[in-house]
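In my numbering, the protein residues as written are 32 to 492.
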């Protein structure tokens, strides 16, 4: 791809109101005093694994440990004195809140920030630290959408100024400055750019800037499998509210995509990866649904894919163990999304590591989800006969030499003489499962494997 002049991007815009390359250039100047130009690092291990030249844009190294400071600061830097005097209100899963809190303290503007009750303690502590005496933190509801509803009610009641996390051209323009930096640092537009999707503001801003420079860049947005709000909107012809989402990837767990993000990606003719939820929707848009497997995208394509929460956890652990990167679940989305693509050998690919606000207390669950995803961890209900030596026979005759029991708990805690035991087994190799199941079938024990998508699994584990 030809080298481009990064100082003179055109003002071509894709659908999205006042969002265009000129607005992103202006945002870059506006936020420069408060926002770091984060490194663009080559990733040799990942490049080898996927067969392309992969770079990581390290937004986890911002002062608030995520890119969200870019949009929040860009909006607040444009507020009038009257708007600042009324104070600001924001809703966030945690990262946008830190950006708003930082801006409140620097600009000495009072703000109220609403977060879901599921927001990790580490993020709540950081919000308070960044905001100091200028910010009041309010936890309400169990999703971003619930917190946003409470925040909007506050705005209507008090007349405070609303600082949207993603569905505002000013927010998206600030977040779009990431793409501007990437092009400056690389010296040209990459062949492929992969970004996480929560509310869609960051992807909208980056896509707008990149397409203003080159129609050949392939743009990929990655959602968690448990919260595919953008893919659902593209298939339905507009934003819809999902009935239920998995809140684990808290930075991207949004029930309803922003109109701005949807408008930009729909305007680019985005295709989507197949998902069971999409099959239940009434397709009203001309959106191609591609198989749920790695796909080769043509130059200039726009695509929205999704990755399993367990795969995200595996990526988080690999980034930590190999690159020394502490990524939060949403921060690992883009790198995990590489598994969904077939990349040309000579492609230059940039993945956005969007945030590193991960609570260390979550690593137990992260390891658990990763092991289940890799097929190394399994749970069974085992009905042991009430006779001496039953457990010993299970260990000797059923368990493999490299397998380990990680959990043993009677389901009926008040009467352990009857009823099944919940047994968690970690295999030495995922190939060991067929042998384990065969030995269970030939034993005198009644063993039932719990499927990870079953209500029993969720309740008992």
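Backbone N, C-alpha and C define an ideal beta-carbon position, used for all residues, glycine too.
Note that the structure is a prediction, hence the values are computed from the model and not measured.
Can the beta-carbon of residue 217 be found less than 8 angstroms from the beta-carbon of residue 71? yes
Excluding sequence positions up to five away, which residues of its chain have a Cβ less than 6 angstroms from the Cβ of residue 435? 457
For the stretch 181-188 against the stretch 210-229, do three or more pairs of beta-carbon atoms, one drawn from each stretch, fall closer than 8 angstroms, so that the two count as touching? no
In the DSSP assignment, find the unbroken alpha helix (DSSP H) run with residue 156 in it and report its ends. 152-162
Three-pair Cβ contact test at 8 angstroms for the stretch 101-110 versus the stretch 200-212: yes
Along the chain, which unbroken stretches of the beta strand (DSSP E) at least 3 residues long are found entirely within the stretch 266-340? 302-304, 333-338
Quick one: give me the first and last residue of the beta strand (DSSP E) that residue 373 is part of. Element bounds for residue 373: n/a, residue is neither H nor E.
Beta-carbon proximity list for residue 50, same chain, < 8 angstroms, skipping 5 on both sides: 44, 200, 203, 204, 207, 235, 236, 239, 291, 295
Nearest-angstrom Cα distance between residue 73 and residue 87? 6 angstroms
Rounded to the nearest angstrom, what separates residue 298 and residue 329 at their Cα positions? 17 angstroms
What does DSSP give as the partner residue(s) for residue 408 in the beta ladder? 457
Which residues bound the beta strand (DSSP E) around residue 68? First-last for residue 68: undefined, no H or E at that position.
Is it the case that the stretch 401-420 contacts the stretch 355-362, given that we only count it when at least three CB pairs across the two stretches are under 8 angstroms? no
By DSSP's criteria, residue 480 is part of a beta bridge. Which residues make up the other side? 411
Kindly list the residues whose CB is nearer than 6 angstroms to the CB of residue 332, restricted to its own chain and excluding five residues on each side of it in sequence; keep chain order. 249
Among the candidates 158, 464, 491, 360, whose CA atom is the shortest distance from the CA of residue 441? 491
How big is the Cα-Cα spacing for residue 255 and residue 416? 42 angstroms
Might you give, ordered along the chain, the residues of its own chain that have their beta carbon closer than 8 angstroms to the beta carbon of residue 433, omitting 5 neighbours on each side? 458, 459, 460, 463
Where does residue 99 sit, in a helix, a strand or coil, going by DSSP? helix
Drop a sphere of 10 angstroms on the beta-carbon of residue 69, count the other beta-carbons inside from all chains shown, and report buried for 16 or more, exposed for fewer. buried
Secondary structure at residue 255, three-state DSSP: helix, strand or coil? strand
Tell me the DSSP secondary structure of residue 435 in three-state form. strand
Residue range of the unbroken alpha helix (DSSP H) whose run includes residue 112: 112-117
Closer than 8 angstroms is the cut-off here; do at least three beta carbon pairs connect the stretch 136-144 with the stretch 163-182? yes
According to the Cβ coordinates, are residue 261 and residue 269 closer than 8 angstroms? no
How about residue 50: is its Cβ closer than 7 angstroms to a heavy atom in the ligand MN? Ligands in the displayed structure: none, and consequently the ligand MN is not present.
Beta-carbon contacts of residue 351 that lie in its chain and below 8 angstroms, excluding the five residues immediately before and after: 357, 358
Is the stretch 280-290 close to the stretch 120-133, with three or more CB pairs under 8 angstroms? yes
Tell me which residues share the same chain as residue 192 and place their Cβ nearer than 8 angstroms to its Cβ, disregarding the 5 neighbours each side in the sequence. 110, 114, 115, 117, 118, 119, 120, 186
I need the DSSP call for residue 343, collapsed to helix, strand or coil. helix
Is residue 378 helix, strand or coil by DSSP? coil
What is the DSSP secondary structure of residue 495, counted as helix, strand or coil? Residue 495 is absent from the model: the chain starts at 32 and stops at 492.
Sort out for me which residues DSSP pairs residue 249 with in a bridge. 223
Kindly indicate which residue of 277, 373, 272 has the alpha-carbon position closest to the one of residue 322. 373
Give me, in chain order, the residues of the same chain whose beta-carbon lies closer than 7 angstroms to that of residue 149; leave out the 5 immediate sequence neighbours on both sides. 173, 278, 281
Contacts around residue 376, its chain only, beta-carbon distance under 6 angstroms, and the 5 residues preceding and following it disregarded: 82
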